[in-house]
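Report on one structure; see the data block that follows.
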Amino acid sequence: MHRGLAAALALLLVAGVVKIPMESALDRDQQEAGFRTAELDFDMRERLTQMTFLAALSGLRALVADMFWLKVFTRFENADWGRMPYLLDTVTSLQPRSELFWDLAHWHMAYNASSWAYHDSDLPSEALRRKAQEEYWELGRGLLERGIKNNPDSRMLWERLGGLLADKFEDHCAAAEAWGQAASQPDASPYAKRFAAYELARCPGREEEAYQRLMALYQMGERERKPTLLRLLQEMEVELDIPMEQRIYKDSSNSQE
Amino acid sequence: MAESEISSQAEPGWAIEIEKLNKTFAIPFRRERLHAVRDLTLQVGKGQVYGLLGPNGSGKSTAMKVILGLLKPDTGRTAIFGQDSSKVESREQVGFLPENPYFYRFLTGLETLNFYGKLCSIKGKALTDRCWELLKLVDLEGAAHRRLGGYSKGMLQRIGLAQALIQHPRLLVLDEPTAGVDPAGARDIKDLIMRLKEEGITILLCSHLLAQVQEICDRIGILHRGELVREGRLEDLIGIENQTELILEGASPEVLKELRAFLEARGVRALRESKPQTTLENYFLEVTGEEGQS
Amino acid sequence: MSEAPRTEALPHAFFSWNRLWAIATNTLTELVRLRVFYFLLIFALLLIVGSLFWSKVTFQQQLQTLKDISLGAMTIFSTLLAMLATSMMLPKDMEDRTLYTILAKPVPRFEYLMGKLTGILLLLGLAILAMSLVFGVTLGVRYFQVAQQLQGELGGATSELMQPSVEALRAEVFDPDLLIAIGLLYLKAAIFAAITLFLSTISSSWIFTVMMAAIVYLIGHFQGEAREYLMLTSDGSWLTQGFLGVVVILFPDLQLFNLVDDIVVGAGLPLSLAWKTIALGVFYFFIYTAASYLAFSSKEY
């Protein structure tokens, strides 16, 4: 081995030792910031072929996820729901920071698959079809919750969760929490606070709190005085027996003061 | 040519000095090493044309590469115009033409010279002028804008010579400059070397074509198995001591008879009497030159 | 000839940008004249065909896929370019003996090596720039098509309902973090070029260099796992520990530069994290470049 090569190897060894704490620190910082959280482990290896696993490992994770998504779409078109949860799990594991995948995945399970299970499946009884439908709702909910765990600042996923909890589970208290989280994000939709108040109004035991929120929104002006808000305010004023002078709706003719 | 005549042409001091140069190479999987050059000592005077000869594997290329700084000696020293030849700055004064060079086939002739000129820190108009000057010297003006991939062997050798001259070097190292070139091309290169010699450039020439070496070199060194076995002025080495060549023009048979008698009377033996021959090379050039013209 | 040879040596500059730049531009010219940029046609074709293939899915997914395919293709092409172009450089110069003619000029070896590497970096930069332009134009055209489609679909909705969708679409397309992603892509390719250069200085043929570079690329993506294992556990035989130690020390962690997959789905990269990643990348680049020079400086040709 000539001198130069020996010197080169010595440099690589020394620099190699020096770089280890730098690499560990950067790895930690990146993971804390939510980057590279996809688990490319043995479980994932079993789901992918050798080449796709290597591709995923080498910086083509997004492409591999897209290829799997194409399979999801094909099965959706064929209403082939059997393997869908596995594929959705694979795609979201490959791209855990993609809100779009979590959103579409939950939509397929909680809305498309559940609808098919109830209306179009071969299950013999109403009870079994109902059960299958609810199982798909749960899968959809699980996907959204995992999506939120990976993307806690995602306004969209919180909104979707709020919508799902209200529509399918009729759990208005949890829906209110979800819409509240959506409203607290920096890029919150203008209607998120209203929706949170609407759901709270339907949460047993929290009517007073709901009324306060609805009133606060009312005070913000015409922009927030949507028909649903006004209707709920009127209903709650009666339900909570709000003193007349504090009401917006003074009489039963639905006219505002 | 007498030694005094050589000295008057050459500048004082050495262009190349090699002192006790040893170079070995490792042989894979074997403990012993290949001794490519052993205790080589030689000097090349300024303005000389020095032929470094030897069979394949004799150490010529190794010695040349050490002079050019491409290899480091195990022991010994080499110097170019007094500067240690392992230093990069010593190569400001050296031009090198390797054996069978290809250069960058994607570059044109002009671009090639431009590139090498920039490596020697020549730029701007000075570089452009120098490139065209050299293209004219090596008779490649017409092919200046053609890519080297379309050049013939002879053209490649000529452009190689041009790049070696780009920075006005004081020393030229030429490794087999006429190898694979047709006789006309080889004659052109030989003539060019003679012109460069007349301009005072020192030339170190390695060649297997001994007839050509004989025509142009002042001194030669013969390497064999890494050792310098013979070295000196050409005429001293190959001149046959006790024989004299006399070429006569216009001698009648009677004059020749008288001459033979004269020499015999003085105990001089005439070994051979024949008509001198032109060389095959000259004959070939004469014929092809005529064919070209007709 | 018009003038006699110089009688005194030229003053020699220890380092010359002109010499280095001459070698760099020469390297770039060689690669360009090898028609290496024709791969861009394939890249453009990929984008067009890819978008047709994905036309059935939602428009959000189409935009996402366009970004994924573009950046994925840029990753592949830049990696291949870095590996193949760099691996050929030294062996080709040696085989053609142009290396001798260059080193026989007053060119220090480090300038030759840096010039070659600079040429490769120029090539990579131009290639990535060209691909980015093609990508940008395609994305821009698709944005306008989708925006019009969205207007049509949400035409009757209130501005309050339309606003989040329009903003989300704009944020997805005009994402400045995509530029950082492309920058990191370039950095990773540059690091890989430096590694391949080092391998070519110790290798005897370009095929061997390519094979070794591919292996380093793969192992580099597992180095993080090996490091984590080594630091967290002391299980395993001394042989295992030793082997993993060698991997961790000698190989770079290339996974640290795979942030494109997350950036492309909208994960914002904090500037401080971007700088730290770039700093480590530059460190890798210089170490492997320095190692290349040390190996090359005393190599005999």
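Protein chains in written order, with this note's numbering: chain A, 49 to 305; chain B, 32 to 325; chain C, 57 to 357.
Each residue gets a CB set at the ideal place from its N, CA and C atoms; glycine is no exception.
Notebook entry, point to check: Of the choices Arg153/C, Gly301/C, Ala269/C, whose alpha-carbon is the least far from that of Glu284/C?
Noted result: For the purposes of this step, residue 284/C is identified with residue 228 of the third sequence, where counting begins at 1. Ranking the options by Cα distance to Glu284/C, first place goes to Gly301/C.
Margin query: Between which two residues does the alpha helix (DSSP H) holding Ile247/B run?
Written below: One-based indexing of the second sequence puts residue 247/B at position 216. Residues 241-247.
Notebook entry, point to check: Counting pairs of Cβ atoms below 8 Å between the segment 128-146 of chain A and the segment 324-343 of chain C, do you hit three or more?
Noted result: no
Notebook entry, point to check: Is DSSP giving Asn145/B helix, strand or coil here?
Noted result: As a working mapping, residue 145/B is identified with position 114 in the second sequence. Helix at Asn145/B.
Checklist line | Contact list for Val68/B against chain C, beta-carbon separation under 8 Å | finding: Numbered from its first residue, the second sequence carries residue 68/B at position 37. What Val68/B touches in chain C: nothing, since even the nearest Cβ is about 13 Å away.
Next item on the list: Could I get the ranges of all uninterrupted alpha helix (DSSP H) runs contained in the segment 89-141 of chain B, with 4 residues as the minimum, in chain order?
Entry: 91-98
Item checked: Inter-residue spacing [alpha-carbon to alpha-carbon] between Lys103/B and Lys355/C -> For the purposes of this step, residue 103/B is identified with residue 72 of the second sequence, where counting begins at 1. For the purposes of this step, residue 355/C is identified with residue 299 of the third sequence, where counting begins at 1. Distance between the alpha carbons of Lys103/B and Lys355/C is about 9 Å.
Checklist line | Asn53/B - partner residues in DSSP beta bridges | finding: Here residue 53/B is taken as the residue at index 22 of the second sequence, counted from 1. Bridge partners of Asn53/B: Thr106/B.
Note to self: For Gly64/A, which residues in the same chain have their Cβ closer than 8 Å to its Cβ, ignoring the five residues on either side in sequence?
What the structure shows: The sequence position of residue 64/A within the first sequence is 16, counting from 1. Cβ neighbours of Gly64/A beyond the five flanking positions: none.
Next item on the list: Buried or exposed for Asp289/A, please, with buried defined as at least 16 other CB atoms from any protein chain shown within 10 angstroms of its CB.
Entry: By 1-based counting over the first sequence, the position of residue 289/A is 241. By the neighbour-count rule (16 or more Cβ atoms within 10 Å), Asp289/A is not buried but exposed.
Item checked: Nearest neighbour of Asp219/B, chosen from Arg297/B, Ile247/B, Arg108/B [CA to CA] -> Residue mapping note: residue 219/B aligns to position 188 of the second sequence, counting from 1. Among Arg297/B, Ile247/B, Arg108/B, the Cα nearest to that of Asp219/B is on Ile247/B.
Next item on the list: Kindly confirm or deny that the segment 150-162 of chain B and the segment 202-210 of chain B touch, where touching means at least three C-beta pairs closer than 8 Å.
Entry: no
Check: So which residues of chain A does Leu288/C contact, with C-beta pairs closer than 9 Å?
Finding: Here residue 288/C is taken as the residue at index 232 of the third sequence, counted from 1. Going along chain A, no residue has its Cβ under 9 Å from Leu288/C, so there is no contact; the nearest lies around 11 Å.
Check: What do you reckon, are the CB atoms on Ser141/A and Met99/A nearer than 8 Å?
Finding: Taking the first residue of the first sequence as 1, we reach residue 141/A at position 93. Taking the first residue of the first sequence as 1, we reach residue 99/A at position 51. Taking 8 Å as the Cβ cut-off, Ser141/A and Met99/A do not qualify as a contacting pair.
Notebook entry, point to check: Enumerated in chain order, which unbroken segments of the beta strand (DSSP E) with a length of 3 residues or greater are wholly contained in the segment 127-191 of chain A?
Noted result: none
Check: Near Lys228/B, what residues of its chain come up, given a Cβ to Cβ distance below 7 Å and the 5 sequence neighbours on each side ignored?
Finding: For the purposes of this step, residue 228/B is identified with residue 197 of the second sequence, where counting begins at 1. Closer than 7 Å at Cβ, skipping near neighbours: Val80, Ile234.
Item checked: Pairwise C-alpha distance: Thr85/A and Arg109/A -> Translated into positions along the first sequence, residue 109/A becomes position 61. Translated into positions along the first sequence, residue 85/A becomes position 37. If you take the alpha carbons of Arg109/A and Thr85/A, they lie about 12 Å apart.
Notebook entry, point to check: Any Cβ of chain C within less than 8 Å of the Cβ of Gln79/B?
Noted result: Position 48 of the second sequence, counting from 1, holds the residue named residue 79/B. No, no contact with chain C.
Next item on the list: Check whether the Cβ atoms of Leu158/B and Gly148/B lie closer than 8 Å to each other.
Entry: Taking the second sequence and counting its residues from 1, the one referred to as residue 158/B is at position 127. Taking the second sequence and counting its residues from 1, the one referred to as residue 148/B is at position 117. Yes, the Cβ-Cβ distance between Leu158/B and Gly148/B is below 8 Å.
Check: From Ala292/B to Leu240/B, what distance separates their C-alpha atoms?
Finding: The sequence position of residue 292/B within the second sequence is 261, counting from 1. The sequence position of residue 240/B within the second sequence is 209, counting from 1. Between Ala292/B and Leu240/B, the C-alpha separation is close to 40 Å.
Notebook entry, point to check: Going by C-alpha distance, which of Glu272/A, Gly188/A, Leu277/A is nearest Arg308/A?
Noted result: One cannot answer for residue 308/A here, as it falls past the ends of chain A, which runs 49 to 305.
Checklist line | Residues of its chain near Leu65/B, where Cβ-Cβ distance is below 7 Å and the 5 sequence neighbours each way are ignored | finding: Reading the second sequence from its first residue, position 34 is the one you call residue 65/B. Counting only Cβ-Cβ distances below 7 Å, and skipping sequence neighbours, we find Thr55, Phe56, Ile58.
Margin query: If distances are taken between C-alpha atoms only, which option among Leu57/A, Ala58/A, Gly52/A, Gln78/A comes closest to Lys332/C?
Written below: For the purposes of this step, residue 332/C is taken as residue 276 along the third sequence, with counting starting at 1. Looking at the Cα atoms, Gln78/A is the closest of the given residues.
Check: How is the beta strand (DSSP E) around Ile234/B delimited, first residue to last?
Finding: Working through the second sequence from its first residue, we reach residue 234/B at position 203. Its beta strand (DSSP E) spans residues 233-237.
Check: Can you list, in chain order, the residues of the segment 269-297 of chain A whose Cβ is nearer than 7 Å to any Cβ on chain C?
Finding: none
Next item on the list: Could you tell me which chain B residues have their CB closer than 9 Å to the CB of Glu356/C, listed as they occur along the chain?
Entry: If you number the third sequence from 1, residue 356/C lands on position 300. Under the 9 Å cutoff, chain B gives Phe56, Lys96, Leu101, Leu102, Lys103.
Check: Looking at C-alpha atoms only, which residue of Met186/B, Ser121/B, Gly140/B is the closest neighbour of Leu101/B?
Finding: What you label residue 101/B is simply residue 70 of the second sequence in a count that begins at 1. That would be Ser121/B, whose Cα lies nearest to the Cα of Leu101/B.
Next item on the list: Check whether the Cβ atoms of Ala323/C and Arg208/A lie closer than 8 Å to each other.
Entry: Taking the first residue of the third sequence as 1, we reach residue 323/C at position 267. Taking the first residue of the first sequence as 1, we reach residue 208/A at position 160. No, the Cβ-Cβ distance between Ala323/C and Arg208/A is not below 8 Å.
Notebook entry, point to check: Nearest-angstrom Cα distance between Glu130/B and Arg264/B?
Noted result: Along the second sequence, one-based indexing puts residue 130/B at 99. Along the second sequence, one-based indexing puts residue 264/B at 233. Those two C-alpha atoms are separated by around 25 Å.
Margin query: Considering only the alpha carbon of each residue, which of Glu262/B, Leu290/B, Gly252/B, Arg256/B lies closest to Ala67/B?
Written below: In the second sequence, the residue the question calls residue 67/B occupies position 36. Of the listed residues, the one whose Cα sits closest to Ala67/B is Arg256/B.
Margin query: Which residues in chain C have a C-beta closer than 9 Å to the C-beta of Val125/B? List them in chain order.
Written below: If you number the second sequence from 1, residue 125/B lands on position 94. Those are Ala160, Lys161, Pro162, listed as they occur along chain C.
Next item on the list: Could you pull out every residue in the same chain whose Cβ sits closer than 6 Å to the Cβ of Glu317/B, ignoring the five residues on either side in sequence?
Entry: In the second sequence, residue 317/B corresponds to position 286, counting from 1. Nothing listed; no residue qualifies.
Checklist line | Cβ-based burial, Asp309/C [other Cβ within 10 Å; buried from 16] | finding: Within the third sequence, the letter at position 253 stands for residue 309/C. By the neighbour-count rule (16 or more Cβ atoms within 10 Å), Asp309/C is buried.
Note to self: When you compare the CB of Pro133/A with every CB in chain C, is at least one pair closer than 8 Å?
What the structure shows: As a first step, residue 133/A is located in the first sequence; it is residue number 85 there, counting from the start. Answer no: the Cβ-Cβ gap between Pro133/A and chain C never drops below 8 Å.
Next item on the list: Say whether the segment 129-141 of chain C touches the segment 165-179 of chain C, bearing in mind that this needs 3 or more beta-carbon pairs closer than 8 Å, one atom from each stretch.
Entry: yes
Margin query: Strictly by DSSP, which residues pair up with Asp206/B?
Written below: The residue labelled residue 206/B in the question sits at position 175 within the second sequence. Cys237/B.
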